[in-house]
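Peer 1: I have a structure here, written as structure tokens, and I will follow up with some questions on it.
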Amino acid sequence: QKEVEQDPGPLSVPEGAIVSLNCTYSNSAFQYFMWYRQYSRKGPELLMYTYSSGNKEDGRFTAQVDKSSKYISLFIRDSQPSDSATYLCAMGLVGGATNKLIFGTGTLLAVQP
Amino acid sequence: GAVVSQHPSRVICKSGTSVKIECRSLDFQATTMFWYRQFPKQSLMLMATSNEGSKATYEQGVEKDKFLINHASLTLSTLTVTSAHPEDSSFYICSARLSGGVYNEQFFGPGTRLTVL
Chain A
1 QKEVEQDPGP
11 LSVPEGAIVS
21 LNCTYSNSAF
31 QYFMWYRQYS
41 RKGPELLMYT
51 YSSGNKEDGR
61 FTAQVDKSSK
71 YISLFIRDSQ
81 PSDSATYLCA
91 MGLVGGATNK
101 LIFGTGTLLA
111 VQP
Chain B
1001 GAVVSQHPSR
1011 VICKSGTSVK
1021 IECRSLDFQA
1031 TTMFWYRQFP
1041 KQSLMLMATS
1051 NEGSKATYEQ
1061 GVEKDKFLIN
1071 HASLTLSTLT
1081 VTSAHPEDSS
1091 FYICSARLSG
1101 GVYNEQFFGP
1111 GTRLTVL
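So, in structure tokens, the structure goes:
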């Protein structure tokens, strides 16, 4: 079983839709969680990070963490064609010896105008 | 802030040659940098963790003699692909960890596309 599972998609939605992107994980020791956005042929861009269960909002983006279920989500409101990209979840340990992040496989999102 | 650059952005080389890729943190210090490779439509695969002033830590299955990493300063890490072969063609991405960051935030470079003929 992979440490982090993410539906690869592709996910196609109409402009203006609410998008829900999800990851599950198996290691209950993970303490912080991040979402990255990657456009084609570009490096990933950090969108949001959080360490506690609950919701964190930033503009049209909301990151949700449920540590009891080992489940994290990223919601995008009023989706735009410019949101079309691959979204990667990542998680790690505070003070972990290697400081490395564990990434999901990424979900390809296409927002149709 | 937190900008990471990579050079070159694209390189085409002949089989058997060596290629060096630079990763720089432009506006912050990074004691730790990471090197990933990414095949088309696949996720990031961590190759190695690069620590300033010490030897890199390689992930299982990554040949350290083939992928040489040098992290000579707090703002520069280099990856050298030695004796490159067509199967080494890939998208190589580096990231830099913000020193003192609580959550180990990593900021990524724009990537280097390597094509080995």
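Chains as they are written, first to last, in the working numbering: chain A, 1 to 113; chain B, 1001 to 1117. Cβ atoms here follow ideal geometry from the backbone N, Cα and C, with glycine treated the same way. All values reported here derive from a predicted model rather than from experimental measurement.
#1: Just to confirm, is the Cβ distance from B/G1111 to B/Q1006 under 8 Å?
#2: Hey, how far is the Cα of A/Y39 from the Cα of A/S68?
#3: Classify A/A85 as buried or exposed, calling it buried when 16 or more other Cβ atoms lie within 10 Å of its own Cβ.
#4: Hey, B/E1105 and B/L1074 are a contact pair by Cβ (cut 8 Å); roughly how many whole angstroms apart?
#5: By a C-beta neighbour count over all protein chains shown, 10 Å radius and 16 as the cutoff for buried, is A/L88 buried or exposed?
#6: Within a Cβ cutoff of 6 Å, which residues of the same chain sit near B/E1022, ignoring the five residues on either side of it in sequence?
#7: Can you confirm whether the stretch 1015–1030 of chain B touches the stretch 1078–1094 of chain B when touching is taken to mean that 3 or more C-beta pairs between the two stretches lie within less than 8 Å?
#8: With a cut-off of 8 Å, do at least 3 Cβ pairs link the stretch 1025–1036 of chain B to the stretch 1063–1074 of chain B?
#9: Of all the beta strand (DSSP E) runs that stay within the bounds of the stretch 1014–1056 of chain B, which reach a length of 3 or more residues?
#10: In or out: B/S1050 buried (at least 16 other Cβ within 10 Å) or exposed?
Peer 2: Checking against the coordinates, here is how it stands:
#1: Taking the first residue of the second sequence as position 1, residue 1111 of chain B is located at position 111. Taking the first residue of the second sequence as position 1, residue 1006 of chain B is located at position 6. Yes, the pair counts as a contact, with Cβ atoms nearer than the cut-off.
#2: Position 39 of the first sequence, counted from the start, is the residue given in the question as residue 39 of chain A. Position 68 of the first sequence, counted from the start, is the residue given in the question as residue 68 of chain A. Distance between the alpha carbons of A/Y39 and A/S68: 32 Å.
#3: What you label residue 85 of chain A is simply residue 85 of the first sequence in a count that begins at 1. Buried is the call here.
#4: Indexing the second sequence from 1 puts residue 1105 of chain B at position 105. Indexing the second sequence from 1 puts residue 1074 of chain B at position 74. Contact flag wrong, Cβ pair sits at about 16 Å.
#5: Reading the first sequence from its first residue, position 88 is the one you call residue 88 of chain A. Buried.
#6: On the second sequence, residue 1022 of chain B is found 22 positions in, with the first residue counted as 1. These residues qualify, in order along the chain: H1007 and T1078.
#7: yes
#8: yes
#9: 1019–1025, 1032–1038 and 1045–1051
#10: Working through the second sequence from its first residue, we reach residue 1050 of chain B at position 50. With 16 or more Cβ atoms within 10 Å of its Cβ, B/S1050 is classed as buried.
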